[in-house]
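Written below as C-alpha coordinates is the structure these notes are about.
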Amino acid sequence: MDAMLVVHMQVGLLSGKPKHDLRGVVDRINRLAARVRAQTGKVILIQHCGGKGDDFEPRAPGWQFLPELVREAADIIVPTTLNDPFAGTDLQAHLKELQPDRVLITGWATDFCVDSTVRSTVAHHYDVVAVADGHTLSDRPHLDALSIIRHHNWVWSNLITRRSIKVAATDELLP
(Lines of atoms letter the chains of each structure in order from A and count residues from 1; the text may use other names and numbers.)
(Lines give C-alpha, C1' and ligand atoms only; values in the text may rest on other atoms or scores of the structure.)
Protein backbone atom coordinates (compact mmCIF):
# COMPACT_ATOMS: atom_id res chain seq x y z
CA MET A 1 0.00 0.00 0.00
CA ASP A 2 1.20 3.48 -0.88
CA ALA A 3 0.86 6.73 1.01
CA MET A 4 1.10 9.90 -1.05
CA LEU A 5 2.21 13.22 0.42
CA VAL A 6 0.95 16.33 -1.38
CA VAL A 7 3.02 19.20 -0.01
CA HIS A 8 1.65 22.77 0.24
CA MET A 9 -0.45 22.83 -2.95
CA GLN A 10 -2.33 25.91 -1.74
CA VAL A 11 -3.79 29.04 -3.29
CA GLY A 12 -1.09 31.21 -1.69
CA LEU A 13 1.52 29.67 -3.98
CA LEU A 14 -0.18 31.42 -6.88
CA SER A 15 1.02 34.81 -5.65
CA GLY A 16 4.36 36.02 -6.89
CA LYS A 17 6.23 34.62 -9.87
CA PRO A 18 4.68 31.89 -12.02
CA LYS A 19 5.33 28.29 -10.95
CA HIS A 20 6.90 25.93 -13.48
CA ASP A 21 4.24 23.79 -15.24
CA LEU A 22 1.75 24.25 -12.39
CA ARG A 23 -1.24 22.97 -14.37
CA GLY A 24 0.68 19.88 -15.46
CA VAL A 25 1.92 19.23 -11.92
CA VAL A 26 -1.61 19.50 -10.48
CA ASP A 27 -2.93 17.16 -13.19
CA ARG A 28 -0.21 14.58 -12.46
CA ILE A 29 -0.81 14.84 -8.70
CA ASN A 30 -4.54 14.28 -9.28
CA ARG A 31 -3.90 11.24 -11.50
CA LEU A 32 -1.48 9.68 -9.01
CA ALA A 33 -3.76 10.42 -6.07
CA ALA A 34 -6.66 8.70 -7.85
CA ARG A 35 -4.49 5.64 -8.40
CA VAL A 36 -3.31 5.58 -4.77
CA ARG A 37 -6.90 5.85 -3.52
CA ALA A 38 -8.10 3.15 -5.94
CA GLN A 39 -5.48 0.77 -4.54
CA THR A 40 -6.58 1.43 -0.93
CA GLY A 41 -3.66 3.73 -0.29
CA LYS A 42 -3.88 7.04 1.52
CA VAL A 43 -3.43 10.62 0.32
CA ILE A 44 -2.02 12.99 2.92
CA LEU A 45 -2.26 16.70 2.21
CA ILE A 46 0.39 18.80 3.92
CA GLN A 47 -1.06 22.27 4.57
CA HIS A 48 1.24 25.16 5.45
CA CYS A 49 -0.12 27.45 8.16
CA GLY A 50 1.55 30.84 8.08
CA GLY A 51 1.61 33.72 10.50
CA LYS A 52 -0.87 36.52 10.93
CA GLY A 53 -1.24 38.52 7.74
CA ASP A 54 0.68 36.25 5.36
CA ASP A 55 -0.78 34.38 2.37
CA PHE A 56 -0.96 31.12 4.32
CA GLU A 57 -2.60 32.39 7.51
CA PRO A 58 -5.21 29.76 8.49
CA ARG A 59 -8.59 30.42 6.90
CA ALA A 60 -7.15 33.20 4.68
CA PRO A 61 -7.73 32.71 0.94
CA GLY A 62 -4.11 31.69 0.30
CA TRP A 63 -4.26 28.97 2.94
CA GLN A 64 -6.93 27.04 1.02
CA PHE A 65 -5.92 24.14 -1.21
CA LEU A 66 -5.85 24.84 -4.95
CA PRO A 67 -9.40 24.39 -6.28
CA GLU A 68 -8.06 22.17 -9.11
CA LEU A 69 -6.57 19.77 -6.57
CA VAL A 70 -8.94 16.81 -6.24
CA ARG A 71 -9.57 15.98 -2.59
CA GLU A 72 -11.69 13.33 -0.96
CA ALA A 73 -13.17 13.15 2.53
CA ALA A 74 -10.92 10.22 3.45
CA ASP A 75 -7.74 12.21 2.72
CA ILE A 76 -5.70 13.18 5.76
CA ILE A 77 -4.72 16.82 6.29
CA VAL A 78 -1.56 17.57 8.26
CA PRO A 79 -1.06 21.25 9.17
CA THR A 80 2.56 22.45 9.27
CA THR A 81 4.45 25.63 10.08
CA LEU A 82 7.90 24.56 8.87
CA ASN A 83 9.48 23.12 5.72
CA ASP A 84 9.74 19.68 7.35
CA PRO A 85 6.22 18.22 7.68
CA PHE A 86 7.36 15.84 10.44
CA ALA A 87 8.47 18.69 12.73
CA GLY A 88 5.82 19.38 15.35
CA THR A 89 3.04 17.48 13.52
CA ASP A 90 1.28 14.14 13.68
CA LEU A 91 2.55 12.99 10.25
CA GLN A 92 4.76 10.29 11.77
CA ALA A 93 1.80 8.92 13.77
CA HIS A 94 -0.32 8.71 10.60
CA LEU A 95 2.42 6.93 8.67
CA LYS A 96 3.14 4.58 11.55
CA GLU A 97 -0.54 3.61 11.64
CA LEU A 98 -0.73 3.19 7.84
CA GLN A 99 2.57 1.28 7.50
CA PRO A 100 2.91 2.08 3.79
CA ASP A 101 5.21 0.05 1.55
CA ARG A 102 6.39 3.33 0.08
CA VAL A 103 5.67 7.05 0.33
CA LEU A 104 5.18 9.06 -2.87
CA ILE A 105 6.11 12.73 -2.54
CA THR A 106 4.77 15.62 -4.63
CA GLY A 107 4.09 19.32 -4.21
CA TRP A 108 5.53 22.80 -3.86
CA ALA A 109 8.30 24.12 -3.51
CA THR A 110 10.94 21.75 -4.88
CA ASP A 111 13.92 23.40 -3.19
CA PHE A 112 12.36 23.98 0.23
CA CYS A 113 9.35 22.00 1.41
CA VAL A 114 9.50 19.10 -1.07
CA ASP A 115 13.24 18.63 -0.52
CA SER A 116 12.77 18.70 3.26
CA THR A 117 9.93 16.22 2.96
CA VAL A 118 11.94 13.77 0.84
CA ARG A 119 14.92 13.85 3.20
CA SER A 120 12.85 13.68 6.38
CA THR A 121 10.68 10.83 5.11
CA VAL A 122 13.78 8.76 4.36
CA ALA A 123 15.24 9.71 7.76
CA HIS A 124 12.01 8.46 9.37
CA HIS A 125 12.68 5.03 7.81
CA TYR A 126 10.24 4.98 4.91
CA ASP A 127 10.91 3.92 1.33
CA VAL A 128 10.39 7.02 -0.82
CA VAL A 129 9.37 7.73 -4.39
CA ALA A 130 10.04 11.35 -5.30
CA VAL A 131 7.71 12.01 -8.23
CA ALA A 132 10.09 13.60 -10.75
CA ASP A 133 7.40 15.60 -12.56
CA GLY A 134 5.13 16.07 -9.54
CA HIS A 135 6.77 19.08 -7.89
CA THR A 136 7.22 22.71 -8.85
CA LEU A 137 8.59 26.12 -7.90
CA SER A 138 9.30 29.54 -9.36
CA ASP A 139 12.53 30.63 -10.99
CA ARG A 140 15.06 31.71 -8.37
CA PRO A 141 17.46 34.66 -8.75
CA HIS A 142 20.37 32.32 -9.52
CA LEU A 143 18.63 29.40 -11.36
CA ASP A 144 15.55 28.78 -13.45
CA ALA A 145 12.88 26.44 -12.05
CA LEU A 146 13.52 23.60 -14.51
CA SER A 147 17.23 23.51 -13.60
CA ILE A 148 16.34 23.36 -9.90
CA ILE A 149 13.87 20.53 -10.52
CA ARG A 150 16.46 18.57 -12.53
CA HIS A 151 19.08 19.20 -9.84
CA HIS A 152 16.87 18.00 -6.98
CA ASN A 153 15.73 14.93 -8.91
CA TRP A 154 19.41 14.06 -9.41
CA VAL A 155 20.32 14.74 -5.76
CA TRP A 156 17.43 12.63 -4.45
CA SER A 157 18.34 9.74 -6.73
CA ASN A 158 21.87 9.81 -5.32
CA LEU A 159 21.20 10.22 -1.60
CA ILE A 160 22.99 7.75 0.63
CA THR A 161 20.26 6.24 2.80
CA ARG A 162 19.36 3.13 4.71
CA ARG A 163 16.01 3.07 2.92
CA SER A 164 15.04 2.92 -0.72
CA ILE A 165 14.66 6.16 -2.59
CA LYS A 166 13.54 6.24 -6.18
CA VAL A 167 12.88 9.19 -8.48
CA ALA A 168 10.20 8.29 -11.01
CA ALA A 169 7.99 10.19 -13.44
CA THR A 170 4.22 9.92 -13.16
CA ASP A 171 3.92 7.76 -16.29
CA GLU A 172 6.34 5.24 -14.75
CA LEU A 173 4.09 4.97 -11.70
CA LEU A 174 0.78 4.64 -13.54
CA PRO A 175 -0.12 1.48 -15.48
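The sequence shown begins at 7 in my numbering and counts up by one.
The C-beta atom is built at its ideal place from N, Cα and C for all residues, glycine as well.
Can the beta-carbon of residue i be found less than 8 Å from the beta-carbon of residue j?
i	j	result
aspartate 61	glycine 18	yes
valine 13	threonine 123	yes
leucine 51	aspartate 81	yes
arginine 77	tyrosine 132	no
threonine 176	arginine 43	no
leucine 75	valine 32	yes
aspartate 121	histidine 148	no
isoleucine 154	aspartate 117	yes
serine 144	glycine 22	yes
Taking the C-alpha atoms as reference points, what is the distance between residue i and residue j?
i	j	result
proline 24	alanine 79	30 Å
leucine 101	leucine 152	31 Å
proline 181	glycine 59	44 Å
asparagine 164	alanine 174	13 Å
glutamine 45	proline 106	12 Å
proline 85	lysine 48	16 Å
alanine 99	alanine 9	13 Å
phenylalanine 71	histidine 54	10 Å
asparagine 64	proline 73	Looking at the sequence itself, residue 64 is proline, so the reference to asparagine does not match. Whole-angstrom Cα-Cα distance: 16 Å.
leucine 20	valine 161	26 Å
tryptophan 69	arginine 156	28 Å
isoleucine 111	glycine 140	8 Å
alanine 264	cysteine 119	The shown model of the chain, from 7 to 181, leaves out residue 264, and the question about it has no answer.
histidine 130	phenylalanine 92	9 Å
leucine 28	alanine 66	21 Å
Please determine, among the options, the residue with the shortest C-alpha to C-alpha distance to residue i.
i	options	result
leucine 179	Val13, Gly22, Ala40	Ala40
glycine 94	Ser126, Leu143, Ala66, Asp121	Ser126
lysine 172	Arg156, Asp117, Ile155, Ala138	Ala138
threonine 87	His130, His141, Gly56	Gly56
arginine 146	His130, Ala115, Ala136	Ala115
Compute the beta-carbon to beta-carbon distance between residue i and residue j, rounded to the nearest angstrom, for a pair I have assumed lies under 8 Å.
i	j	result
leucine 11	valine 128	The pair is not a contact, with the Cβ atoms about 12 Å apart (cut-off 8 Å).
isoleucine 35	methionine 7	The Cβ separation is near 18 Å, so there is no contact.
*Quick one: complete beta strand (DSSP E) runs, 3+ long, within the segment 108-163?*
108-114, 134-142
*Let me know the beta strand (DSSP E) ranges lying completely inside the segment 43-78, each 3 residues or longer, listed in chain order.*
48-54
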